[in-house]
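If you're matching them up, the sequences are chains A and B in order. If you read the first sequence in the numbering used here, its first letter stands for residue 1, the second for the next number, and so on. If you read the second sequence in the numbering used here, its first letter stands for residue 1, the second for the next number, and so on. The beta-carbon is built from N, C-alpha and C at its ideal position, and this holds for glycine as well. This structure is a prediction, so every number in the text was calculated from the model and none was measured.
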Amino acid sequence: MSQGSNSDKQDDHRPRINPVLAHLEAIATGIKWLTRKPMTLMYPDMEEKKPEYFRGFIIFNYDKCIGCSLCAQVCPPRAIHMYRVPGDKRIRPGYDAGRCIHCGLCTDICPTDALDVSPVHDEVFEQIESMDFDPVEWHIISKKLVEEHAKRKRKLVITRVDEEVGLRYEPVE
Amino acid sequence: MVLVELAKALHVPVWALRGFLAPLVYPGLVALLGTVLFLIWAERKMAARVQQRVGPYYVSPKLHGALQLIADGARFALQEVIVHVETDRLMFVLGPILTFTFLSLPFTVLPGGPGIYGFRSDFSMVIVYALLTLSPITVILMGWASSNKFAMIGGGREALLTVSGEITLALAILSVAAMYGTLDFVTAVEKQVHTGIIGLVSNPIAALLFFLAMLLLTDRVPFDIVLGEQEIVQGPYTEYSGVLYALTMAIDYAKLYALSIAFTLLFLGGWAPFTTPLLGAISVYIKSLIVLLFSVFLRSVYGRMRLDHAMNFFWARLFPLGFIALALGVFVHVIYA
Chain A
1 MSQGSNSDKQ DDHRPRINPV LAHLEAIATG IKWLTRKPMT LMYPDMEEKK PEYFRGFIIF
61 NYDKCIGCSL CAQVCPPRAI HMYRVPGDKR IRPGYDAGRC IHCGLCTDIC PTDALDVSPV
121 HDEVFEQIES MDFDPVEWHI ISKKLVEEHA KRKRKLVITR VDEEVGLRYE PVE
Chain B
1 MVLVELAKAL HVPVWALRGF LAPLVYPGLV ALLGTVLFLI WAERKMAARV QQRVGPYYVS
61 PKLHGALQLI ADGARFALQE VIVHVETDRL MFVLGPILTF TFLSLPFTVL PGGPGIYGFR
121 SDFSMVIVYA LLTLSPITVI LMGWASSNKF AMIGGGREAL LTVSGEITLA LAILSVAAMY
181 GTLDFVTAVE KQVHTGIIGL VSNPIAALLF FLAMLLLTDR VPFDIVLGEQ EIVQGPYTEY
241 SGVLYALTMA IDYAKLYALS IAFTLLFLGG WAPFTTPLLG AISVYIKSLI VLLFSVFLRS
301 VYGRMRLDHA MNFFWARLFP LGFIALALGV FVHVIYA
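Printed below as a string of C-alpha cells:
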C-alpha cells in the first residue's frame, strides 16, 4: 500500500498474503527442516562403490610392455608420449595425468594388457609438473597406487534416491 | 551472600568486587567470549542443517566441529594485520578497539541475575541504550578511515539504518518503562517476579519492536544490509584483517548479546522462576541464549531486505506501532502499579 498507487494496480492480480501468518509459516518451515538429516556423503570416511570397469588413473606395467606405441597414437588428448629410456632398446610410454581424460582407449588397444584402468580417482598432486611421468616413474606410481588402494579401509556405500530424505547411502560389503 | 564473604576474605569493599566481576566475568567479557564461540558454531551448524549439509566437522569430529571457532581464532591471531597506505591510520586501528570498548561498557549496569551487577542505577535502561548507541559512530568512522568504496557505502548504510532502528528501540524501551513505571532493570524484573506476568504477555507489541530493532542494529538477517556480503564484501569492515577483523566480527555479536540479555530482563521475566543468585543467573543466561539462537536461526529462513524496503518498514510500519506500544504500556501499567 505504501509503495504508491502505480504499483498497486499492477500488483492486484497477485495473491494477498497475510504478513503475520506468512512469517510464522516461514519460521515453522525452517524449524521443520532443522530436524532433517543431512544428505552429505562424508567423503574421505565414506566412498561410493565404484562400478566394475570404473576408469580412473591408468596404471602401467613396464614388464609387459612391448613398446608398440599404439597407446600414444590412439590417445585423444595426447596424454601419452613415447620416451627413450636409457639402457632400453625400445621406446616406452610416459603419462601426463593432467591431460588424461580417462577414456580408456589406451587400455583397449594395448596388445599385451600392459595398460589397465584402476578405481583410483582421487590421487592428489601438489604441482602440475609432478603429474607428468616418464615410463619408469609411471610404473612405480602405478604399483604404489594399486597397493595403497588395496589397503584402504573406507566405508563403501551405494547412493539411493529417496523421496523422503533426498539422497540415502546404503552400506555395502 | 557469597559476594559479601568473598569481599571480606579479599579485604576489598563489596562495590569494588561487583564492579570488577560483573563487567569482566558474568554477564561481561568471559561469558561473552564463551557465548560468541558457541553462537557462531551454532549459527553455522543450524544453517547447515536447514540446507541438509553437515557444517563445520573435521576440526573436531567427536564434538561435531565445536573447536572450529578456536581454530579460526588462532588463525586470526597469527595473521598479519594489514594497514594499507591510504587509510587514516589512527582511526583505522582505533576503530574496532573503541567500538568494542563501548560495547563492553553496558555490562556494568546490565544485571545477569539477582544481585549480579556492576552497579545499580535508577536509570540503567537509559545508560545501556546510550552506551549501545555510541558504537555506530565509530563504525561509520571505520568505514570512512578505510578509504575503500565498499567500506564507505557500508558506513553510510550503518548511519541510515541506525537512525531508523534506534528510534524503534527507544520507543520499545520507553513503553516498557511506562509499563513498569521504572527505568531500572532490577526493579522491572522484580515487578515481573512479584506479579507473575512477564512483559512478553503484557506488552507483546513492544517485545516485537525490541526484537526487530535488535536484529536491525546487530546486522542479523533479514536486516544484514550493513554487512551485505554479496553486495559490499563486509561493509565497513572490508579492509580489516587479523586480530582487528576478529574484533569487528565480535562487535555485532557483543551488541546482540547485550541486547538479548536486555530482552530477557524486560520481556521474559529475567530470573523469573528463581530468586537465588546462582539459579537466577543460570535462568537469565539460558533465556538469553534461546533469544540469541533464535535470532541467528533466522539466517536460514530469510533473504536480505533491500535498504529502502527496510527503512520504509521501520519508519512507516514499526514507528507508528511504537506509539501504540507506548499507549498499551501506559494502559497496562495498572497491573504492575
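Beta carbon proximity, residue i to chain B, threshold 8 angstroms
i: Ala22 of chain A; result: no
i: Gly87 of chain A; result: no
i: Thr40 of chain A; result: yes
i: Gly166 of chain A; result: yes
i: Gly4 of chain A; result: Any reading at Gly4 of chain A needs caution, since the residue's pLDDT is 49, under 50, leaving its predicted position unreliable; the model's value is listed next. No, Gly4 of chain A does not count as interfacial toward chain B.
Contact set for residue i: own chain, Cβ-Cβ below 7 angstroms, skip 5 residues either direction
i: Val291 of chain B; result: Ser260, Phe263, Thr264
i: Pro106 of chain B; result: Val128, Leu131, Leu132, Ala258
i: Ile128 of chain A; result: Gly98
i: Asp123 of chain A; result: Inspection of the sequence shows that residue 123 of chain A is occupied by Glu rather than by Asp. The answer, listed in chain order, is Phe57, Leu145.
i: Arg317 of chain B; result: none
i: Ile109 of chain A; result: Leu70, Cys71, Val74
i: Pro119 of chain A; result: Lys50, Phe54, Gly56, His149
i: Val161 of chain A; result: Leu167
Beta-carbon spacing of residue i, residue j below 8 angstroms
i: Leu3 of chain B; j: Val14 of chain B; result: yes
i: Phe185 of chain B; j: Pro111 of chain B; result: yes
i: Pro96 of chain B; j: Leu244 of chain B; result: yes
i: Ile116 of chain B; j: Ala22 of chain B; result: yes
i: Leu161 of chain B; j: Ala310 of chain B; result: yes
i: Glu80 of chain B; j: Asn148 of chain B; result: no
i: Phe60 of chain A; j: His139 of chain A; result: yes
i: Phe314 of chain B; j: Thr168 of chain B; result: yes
i: Leu115 of chain A; j: Cys75 of chain A; result: no
i: Ala79 of chain A; j: Asp96 of chain A; result: yes
i: Asp88 of chain B; j: Ala145 of chain B; result: yes
i: Ala151 of chain B; j: Val176 of chain B; result: no
i: Arg49 of chain B; j: Pro38 of chain A; result: yes
i: Glu48 of chain A; j: Thr159 of chain A; result: yes
i: Gly156 of chain B; j: Ala213 of chain B; result: no
i: Trp341 of chain B; j: Pro56 of chain B; result: Because chain B spans 1 through 337 in this model, residue 341 of chain B falls outside it and cannot be assessed.
i: Arg299 of chain B; j: Val221 of chain B; result: yes
i: Ala22 of chain A; j: Val301 of chain B; result: no
i: Thr35 of chain A; j: Arg53 of chain B; result: no
i: Leu29 of chain B; j: Ser104 of chain B; result: yes
i: Lys151 of chain A; j: Asp45 of chain A; result: no
Any non-hydrogen atom of the ligand PLP closer than 7 angstroms to residue i Cβ
i: Arg317 of chain B; result: Among the ligands in the structure shown, none appear at all, so the ligand PLP cannot be discussed.
Chain A within 8 angstroms of residue i, Cβ atoms only
i: Ser300 of chain B; result: yes
i: Arg220 of chain B; result: no
i: Met214 of chain B; result: no
i: Val50 of chain B; result: yes
i: Arg53 of chain B; result: yes
i: Met46 of chain B; result: yes
i: Ala207 of chain B; result: no
Sequence-distant residues of the same chain with beta carbon closer than 6 angstroms to residue i, five excluded per side
i: Trp271 of chain B; result: Gly113, Pro114, Gly280, Ser283, Val284
i: Ile101 of chain A; result: Pro77
i: Asp134 of chain A; result: Tyr83, Gly94
i: Thr112 of chain A; result: Lys64, Ile66
i: Phe38 of chain B; result: none
i: Met1 of chain A; result: Here Met1 of chain A scores only 46 on pLDDT, less than 50, and its place in the model should not be relied on; the value that follows carries that caveat. Excluding residues within five positions, none has a Cβ falling inside 6 angstroms.
i: Tyr180 of chain B; result: Ala188, Lys191, Tyr336
Contacts around residue i, its chain only, beta-carbon distance under 8 angstroms, and the 5 residues preceding and following it disregarded
i: Glu158 of chain B; result: Pro136, Val139, Ile140, Gly143, Val226, Gly235, Pro236
i: Ile198 of chain B; result: Gln192, Phe267, Leu268, Gly269, Ala272
i: Ser121 of chain B; result: Val109, Ile127, Asp184
i: Thr29 of chain A; result: none
i: Ser241 of chain B; result: Gln79, Glu80, Val81, Ile82
i: Ala170 of chain B; result: Tyr129
Under 9 angstroms from the C-beta of residue i: neighbouring residues of chain A
i: Phe297 of chain B; result: Ile27, Gly30, Ile31, Leu34
Chain E contact for residue i (CB, 8 angstroms cutoff)
i: Lys151 of chain A; result: No chain E appears in the structure shown, which is made up of the protein chains A and B.
In chain order, what are the residue ranges of uninterrupted alpha helix (DSSP H) at least 4 long that sit wholly in the region 137 to 221 of chain B?
149 to 180, 185 to 195, 199 to 202, 204 to 217
Query - Contained beta strand (DSSP E) runs [length at least 3] in the region 108 to 166 of chain A, N- to C-terminal order - result: 115 to 117, 155 to 162
Legend entry - Length at least 4, wholly inside the region 83 to 144 of chain B: the alpha helix (DSSP H) runs in chain order: 89 to 104, 124 to 132
ask   = Going along the chain, which unbroken runs of the beta strand (DSSP E) with 3 or more residues stay wholly within the region 278 to 328 of chain B?
value = none
- Query: Going along the chain, which unbroken runs of the alpha helix (DSSP H) with 4 or more residues stay wholly within the region 20 to 66 of chain B?
  - Reply: 29 to 50
- Could you tell me which uninterrupted beta strand (DSSP E) segments, each at least 3 residues in length, are contained entirely in the region 38 to 116 of chain A, listed from first to last along the chain? 46 to 48, 58 to 60, 80 to 84, 91 to 96
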